[in-house]
Amino acid sequence: MSDRRHLCEQCPRRRFAFFAPAPGTRTPNHARIARTLLVSALSGAALLGRAAPLRAQDFAVPRAAYVVRLSAMPTRSESAPEVLRQPATLHLTRVTVARALEELIARTGVSITYSRAFIPADRIVSIDLESGNVLEALGKLLGESDVEVWVSSSGRIALVPADRPASPPTVDSTSAEVVAGVVTGRIVDSATSRPLGNAQVAVVGTPLGAMTNDAGRFTIAGITAGTHTIRATLIGYAPQTRTVTVADGQVVAADFALRRQAVELEAVIAVGYGTQTARNVTGSVVNVNMDRVQSQAVEGVDKALSGQIAGVQVLQSSGAPGGGPTIQIRGVGAIGAGGQPLFVVDGYPLANNGGSTTNGTTELRNPLNEIAPGDIESITVLKDASSAAIYGSRAANGVVVITTKTGRNQAPTARLDYSAGIQTIPKRFLPDVMNAQEFAQFMKELNEDNVRYNLKREPTLADVPAEYQNPSQYATTGTNWLDLVSRSAPTHNLNLSVSGGSSNISGYLSGGLLNELGTVVGTDYRRASMRASVNANPTSKLRLGLNIAPVYEVRNLPVTGGSGRGENGSPAAASIITPLLGPFNDDGSWRAMLSSPGMLAYPNPLMYLRQYSNKFQNLRSLVNATAEFRPIEGLLLKSQANADYSEQQQSNYRPSTLGVFFGNPPLIPVSNYNESNAINWLTEQTVTYDRTAGRHHAQLLGGFSVQANRNLGGNFQGTNYPNDDIQTLNAAALITGNTDAQRWGLVSYLARLNYDFADGKYLASAAVRRDGSSRFSAENRWGVFPSVSVGWRLSEEGFFKKYSWLNDLKLRAAYGETGNNEISNYNYIGNIGINDYILNGALASGRTLNTLGNPNLGWEKTREIDVGLDLALFNNRLTLTADAYNGITRDLLLNVEVPNSSGFANVLKNTGRVRNRGLEIGMHTINVSRGSFQWTSDLNVAMNRNLVLALGSTNAPIRSGRSGENSPTHITMVGQPVGMFYGYVFQGLYKDAADIAASGGGFPGAIPGNVKFKDVDGNGNITPISDFEIIGNPYPDATFGINNNVELGRWALSVVATGQMGGQRMEGFFEYLHNIDGVFNVSRDVANRWRSPEQPGDGTHPTTAGVSRGRVLYRDVSSLWVHDASNLTFRNVTLRYRLPDRLAFARMRDASLYFGIQNALTISSYPMNPDATTTDGTRQQAGQTAALTPGYDGVAYPVARTFTLGTQFGF
Amino acid sequence: MRLHIRFGVATTVAILGVTLSGCSNVLDVKPETFSGTTTYYQTQDQVDRAIFGAYSYLQTIYGSGANGPMWLLGEMRADNTTYEYNGSNRGLVLNETVDDFVTTPDNTGVSAMWNPSYAAILQSNTILDRIEPVNYTTPAAKSRAVAEAKFLRALHYFNLVRLFGDVPLLLHETQSYDAAFTGTRVKTDSIYAVIITDLKDAIPALPARAALPANQGGRATQGAASMLLADVYMTQKNWAAAAPLLQSVLGMGYTLNPSYDRVFDPAFKNGPESILEVQYAEGVVNEASAFTQRFIPLTSARDLTFGTTDQGNAGGWNIPTRDILRAYEPGDVRKSVSVGFYVNAANRNENDVAIGDTIPYVKKTYHRYSTAGRTNDDFQIYRFGETLLDYAETLNELGRTAEAYPFIDQVRARAGLPALTPGLSQAAFRDAVFKEERVELAFEDKRWFQLLRTGRAIPVMTAHIADLRTYAAANGRRGSLATAVTQNMLLFPLPVREVTTNVGLQQNPGY
């Protein structure tokens, strides 16, 4: 009908003209108009009733899912929709038809829409129906009338004046014995023969149609005799048509085997403040294939996103239980403000409350971690600025739009997922350190070499501490600390969901339990989540929805941080502890401190993990309430209110029995108690108007939203506990602490126009958003974020139609501006804080000016141009999306260093520009589709080039990061990407005195065998910074994801691989693994070090003798820290077996078993996890963000390899 | 249907109205946990709190921080003290380089001095810029506030010029990013001129010692400002200007505490001898000192922490040298007050600082405390003992040697020592005062400045380095002692961050 929309001159009321048929079909009459209106309402209801991606046609072409003509009542009603089969008992004498319908509605709860004008509402009838159903009741009431019963896919019933097609007009429609045929059939997947439910079947050219049930069956009755085309469509499958010839009273079979199709042009995807058909999208918007994501055996969707989308990097940087990966879209733009994408859940842009900072460990927090994978209906990523601009001030890092499941109008269905897994740490993700014998040998040699150097004589055995004199005694003893503190950890994940509803109320309820032990002893994570969603349609024009999703998490994490030495029990710490000693004394008691002669005394990590308590709990509830009102066709008024409440507590306690670095037990117990709660609320009003006029179609959106946030927090330290009996704060004799209270607010106005012409051949979109943020002063508060985009579907042009192999070709171009305000609150105001003094023993409360306020602070803005191409070839067997973009982020919110002589260290300022340009290609192919064998592949590649164009007022470089020797590890400078690795350049070892002299002296006390670093400034003395250069690039040349899905009958195998080409990583733990002072255990390769000119080693490991400066230089940041991080990682392999139907019991359907491996294999020359990135701040300079220290691997909680066995049942 | 539309529109308008009206509240949020610059410095109470805030930097600079700064740059830099080598924790190696005379611009002690000094100057500048329109109860109260701000500013600049030479001179609140780039270094003379002006302004407006209520002990007085100004003049060798100032201090009612011990005893804070004393209180959160933990020998672990289970974070810093121990004359009561001796057989391994099994440690700031990690010791910036010696030194330099005896002899008498031999030459008297100042004010962060002022730094420190080399050779620990003490080393390097951020700022020569 969409192509037949013309203005109707004869129509008395023009606003109905819209729906009139094209000239030449039939003169419009009011019956037809009314019918169309009702149908429109129905389709609206259909849209409201289910949140599953609807096909565009559901909008444009009102069509009921099932139509039955009462005058041609099928003999059997089994095929009728459930709503019509609902039991009904009705005994009425001499009432009007209208009254009888009311009664029917009241008793059965069905929704029936009709107009008095077109049914004989006032006719007096009597009815006597015992144990019948709705259809029978309607038949009895209206059987003699010229009325059709239409049932929408959402189960709404409409009584519509029968509209017989013009051809063949031979049948006398008013006759009670109308002759018609029935088409019935079954639709299955061509590859797997699996029945396909929810497929649309339509009789082309008629309003008749039906939807398949779960068994894939459909029946369409009332088809006039003659030859008809039956068309079956289902999202994800190529449409198929069959020609059938129907004779009167005959039942004709029409079975379909639908072929899977790569493109989902008809899919409706969330684009922010609304939806759009995929084929009409003009920005760079990627709809994640949830089937593919959910078929992976993972506990969180975030992990499954890895490698799915070009340009979206999902880094599994830490394996801490309950921790999520970091997600980055299209490179680093922000380097001072936040760099996380904006997450929008069911229309609610979530506040970035910065995650929880617990004891120096900041868990990056993204909401995907808190939503059970099965509850997610769809995820859309808005990558480019034009599509993201509708989210304005917070969209500069991209937007992830998540839609959760809601109930459908259907009999309740339930789904049960259970999986159990075992996590282990892959050996390659852990440092490779010396065993006891190797270490004793190393220490023996170290002592000997020191004697030779310091005392200038040959050592005797007496110069070596007894423990090291005979290394071979440790051949079979010694402790592998990494083994001791790690374990194989089981996980359990249970998820149950129920969904269902009637035509006017539907619900979705799900509950999940996750229980995960960590691979490090003493760590675990438990999560209980619930999601309840109710939608009600009190009238056909109004829809109300309520969605509540509480999550409760508990975590035990007695490791603080993981970078640096991580002395408090982390796996990193364990690797450098003496391997000569075990965790227990001979009498079985704990050996609290561990050291062998000459070594630093370390607290026992195993004891620490067992006795240190660090508990975290979080309760977070998301509440969404929406009201949608459709007063007239095309107009939608939507009002939304959301709240996000989270309450976190974290407490830790260090008992007296534990030592600390440089402190032997017993120590005074200390504890911390942190509490924070945040309430965030949003109200939003939007108006959407959708109108088609001829070949023009436009959708206009206008809206207004207010979002505000309140954070309260408290942080208390307790100490001087008398003993360890009571560990809560109240037992502490001395309690100190502080509280925090903050607010922020955001007020926004937004508008968008989507326009398409000629059935989507020409597309255009423009949007603008104006945001006001409390984080800036009143003068700079408001920012305007416009965007425009255009698209041209070349494949719709006549000259392309002849190429049958070309299914779709669309060119896109877009420009947009987005912003970033992710800085802390109140930054524009100079901070006058508390800084007390004492006068004669008493407190003199003082105030000091601590920060330089910047009243000019404003938005950081990104302007981006994106051109793209969407292509589908060879019967859609190959689809390709390519995008090229060039984005410039300007007015960077940067914490700029100022000279300390000003009294300040840093000022937050809008300054600097960073460019990200890149190319992204996503490809989907159907490699084989033959019978029950199906093989599809996805390949995506992204190349991003980051460049700093300007920095601060003076373009002074920013040195960031902090090595153990207090040197910066990264530099950000104009003409280079953000955060390049920075340090000494390793040039080998000094061969002899001549070499030292030729190198300008190196450093005071340099001896042969010391490291030779490049004397960058040529002053003959190697010193930090002045002899530093860029030593590596953390950014890959390209990142890629490769997914393969193979289905063979009931078996399905999915393999997800991700990786990168080029790019380096900085092994931050080098400084401990290569600390050759003899105070730590060291990397195994240190055995190959220089010992004398005759024993020069492998040329990269220096002598342990000489002045300490030589050893300090060696372990300070240098090119030795930098390794190629190119890798190919088999992120997920899942094998799934669908149980045969005959095994199914009860009403079980769609049962399957699966086995999966996460992080199955990593191929890389990087010594540990090439994805590991430390963002916990322990190796950052104060006031700097993690964006300035990319690619720094400080040995975080190791990422696990997980073997999962799971089952899925549907009921 | 129309009704529906009307209803819908009305509802929408109503909702819009309600939410719109809430907008300005949503966006105009005020900080709750701190004050903003736009609303502060408006009442007398606010400005007075800012003054206390400015005082608090004295704790940072003269306190017990891990990187000094004053104990490190003013004392350990010189020949009175050294450090105990910490083989297991090399994290504070940069402190060692100060004593070893191989200090580099990345030295943490140097930035620990520079940064808070300028932050403190900013507090004074801000108060001075903003106090004008503020209503005070009395004009005197206001001029006292101005005087305190100027006094503190002068004190910090005096430290800066002595340690770094020419430095940036800031006299107003830094109000913008551009203004933060302070550019070039200003000549020492110009800075001294500002210091002198500030102090001259401050002296009459500050309360006399006698007029200072007991509960304000620790605040600046005429005595403190006069003493500081005299110190400035002496550093400039302007003896003629120093003499009357010191003489005025003599008449302000200060007396030597009869017991040298009590000068430093937390039980007798702000005593009769105290002119300017950095205040601490162990019972107030964040206001305790921790000199004990910094200065007791590493090997003492918990033997010296009064039974409190401090985390064994003994510092081993500021360990008295053999040289200072020898400087005490026999019978000098100050020795046992100033230096403690930790005896432990294990000390023999620390033979670069230990004398046999004994390691000396600074005892002036070592007193009993009850809560782990929190000591109650104040720190003396100026005290009457110094005034007497300074006056003696000044008179001698003015050629009035004979008049100088009573002042040095008072100090010696309290120390249990006989009066100085009468009839010394000016040069001999100079040596005697120099020795007396060393011993009397040992470990009070004066030594490096005494060496600079008297021009004796190079020979004294050359000898000190030679000593270190001798004692350290036994275990080969200190590999990187300076080869020679040069003129350049009399100034510290500017912090590396300062030179890299402040374009145009020249590093001191030799760094």
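Respectively, the protein sequence lines represent chains A and B.
Just so we're aligned: the first sequence equals residues 10 to 1220 in this note's numbering.
Just so we're aligned: the second sequence equals residues 68 to 578 in this note's numbering.
We put the beta carbon where it would ideally sit given N, CA and C, even for glycine.
A quick note: this is a predicted structure, and the numbers were derived from the prediction, not measured.
{"Query": "Contact the stretch 497-507 of chain B vs the stretch 527-535 of chain B: 3+ CB pairs below 8 Å", "Result": "no"}
{"Query": "Proximal chain A residues relative to Lys336 of chain B, where beta-carbon distance stays under 8 Å", "Result": "Asn849 and Gly850"}
{"Query": "Ser315 of chain B: first and last residue of the uninterrupted alpha helix (DSSP H) it sits in", "Result": "Trp306 to Leu317"}
{"Query": "For Met982 of chain A, the three-state DSSP class (helix, strand or coil)", "Result": "coil"}
{"Query": "Reduced DSSP secondary structure (H/G/I, E/B, other) of Pro440 of chain A", "Result": "coil"}
{"Query": "Proximal residues to Val1064 of chain A (C-beta, below 6 Å), its chain only, five neighbours per side dropped", "Result": "Asn1053 and Val1142"}
{"Query": "Assigned secondary structure, Thr890 of chain A (DSSP; H/G/I helix, E/B strand, else coil)", "Result": "strand"}
{"Query": "Residues near Arg535 of chain A in its chain [Cβ-Cβ closer than 6 Å; skip 5 each side]", "Result": "Asn524 and Val563"}
{"Query": "Beta carbon proximity, Val756 of chain A to chain B, threshold 8 Å", "Result": "yes"}
{"Query": "Three-state class that DSSP yields for Ile1034 of chain A in the structure shown", "Result": "coil"}
{"Query": "Where Asn739 of chain A sits in the DSSP three-state scheme", "Result": "helix"}
{"Query": "Where the alpha helix (DSSP H) through Glu873 of chain A begins and ends", "Result": "That residue, Glu873 of chain A, is in no alpha helix (DSSP H); its beta strand (DSSP E) goes Glu869 to Leu882."}
{"Query": "Contact residues within the stretch 459-490 of chain B, judged by C-beta distance below 9 Å to chain A", "Result": "none"}
{"Query": "Whole-angstrom distance between Leu676 of chain A and Phe670 of chain A, CA atom to CA atom", "Result": "12 Å"}
{"Query": "Closer than 8 Å to chain A by CB, Asp332 of chain B", "Result": "no"}
{"Query": "According to DSSP, residues forming a beta bridge with Ala638 of chain A", "Result": "Per the sequence presented here, residue 638 of chain A reads as Phe, with Ala not at that position. Its beta-bridge partners are A:Leu551 and A:Leu646."}
{"Query": "Anticipated Cβ contact below 8 Å, Val93 of chain B with Ser783 of chain A, distance rounded", "Result": "7 Å"}
{"Query": "Within chain B, the residues that Ala750 of chain A reaches when beta carbons sit closer than 8 Å", "Result": "Glu99 and Thr100"}
{"Query": "Within-8 Å CB hit, Asp444 of chain B to chain A", "Result": "no"}
{"Query": "Lys1000 of chain A - containing alpha helix (DSSP H), residue span", "Result": "No alpha helix (DSSP H) contains Lys1000 of chain A, which DSSP labels as neither H nor E."}
{"Query": "Cβ separation of Asp233 of chain B and Val253 of chain B, assumed to be a contact under 8 Å, to the nearest whole Å", "Result": "6 Å"}
{"Query": "Every unbroken alpha helix (DSSP H) within the stretch 347-413 of chain B, with a cutoff of 4 residues, ordered by chain", "Result": "358-362, 389-394 and 400-405"}
{"Query": "Straight-line Cα distance separating Pro606 of chain A from Pro588 of chain A", "Result": "12 Å"}
{"Query": "Residues near Arg1093 of chain A by beta carbon distance below 7 Å, same chain, minus five either side", "Result": "Asp441, Val442, Met443 and Glu447"}
{"Query": "Per DSSP, cross-strand counterpart(s) of Gly727 of chain A", "Result": "A:Ser680 and A:Ile744"}
{"Query": "Residues within the stretch 1013-1047 of chain A neighbouring chain B, beta-carbon criterion of under 7 Å", "Result": "Pro1013, Gly1014, Thr1032, Pro1033 and Ile1034"}
{"Query": "Thr388 of chain B, buried or exposed, once every other Cβ within 10 Å from all chains shown has been counted against 16", "Result": "buried"}
{"Query": "Arg466 of chain A, buried or exposed, once every other Cβ within 10 Å from all chains shown has been counted against 16", "Result": "exposed"}
{"Query": "Contact set between the stretch 769-802 of chain A and chain B, restricted to residues whose Cβ is under 8 Å from the partner", "Result": "Gly781, Ser782, Ser783, Ala787 and Arg790"}
{"Query": "Chain-ordered neighbours of Phe593 of chain A on chain B, where CB pairs are closer than 8 Å", "Result": "The contacting residues do not exist; Phe593 of chain A stays about 23 Å from chain B at best."}
{"Query": "Contacting residues, own chain, Cβ-Cβ under 6 Å from Asp512 of chain B (five flanking each side not counted)", "Result": "Met137, Trp138, Gly141 and Glu142"}
{"Query": "Close beta carbons around Leu323 of chain B, own chain, < 8 Å, minus the five adjacent residues each side", "Result": "Pro339, Glu340, Phe451, Gly452, Leu455, Gln477, Val478 and Arg481"}
{"Query": "Residue from A:Asp653, A:Gly711 and A:Tyr611 whose Cα sits closest to the Cα of Leu644 of chain A", "Result": "A:Gly711"}
{"Query": "Residues from the stretch 246-260 of chain B in contact with chain A, defined by Cβ distance under 8 Å", "Result": "Ala246, Ala247, Phe248 and Thr249"}
{"Query": "Cutoff 8 Å: Thr745 of chain A Cβ touching any chain B Cβ", "Result": "yes"}
{"Query": "Residues of the stretch 490-504 of chain A whose Cβ lies closer than 9 Å to any Cβ of chain B, in chain order", "Result": "none"}
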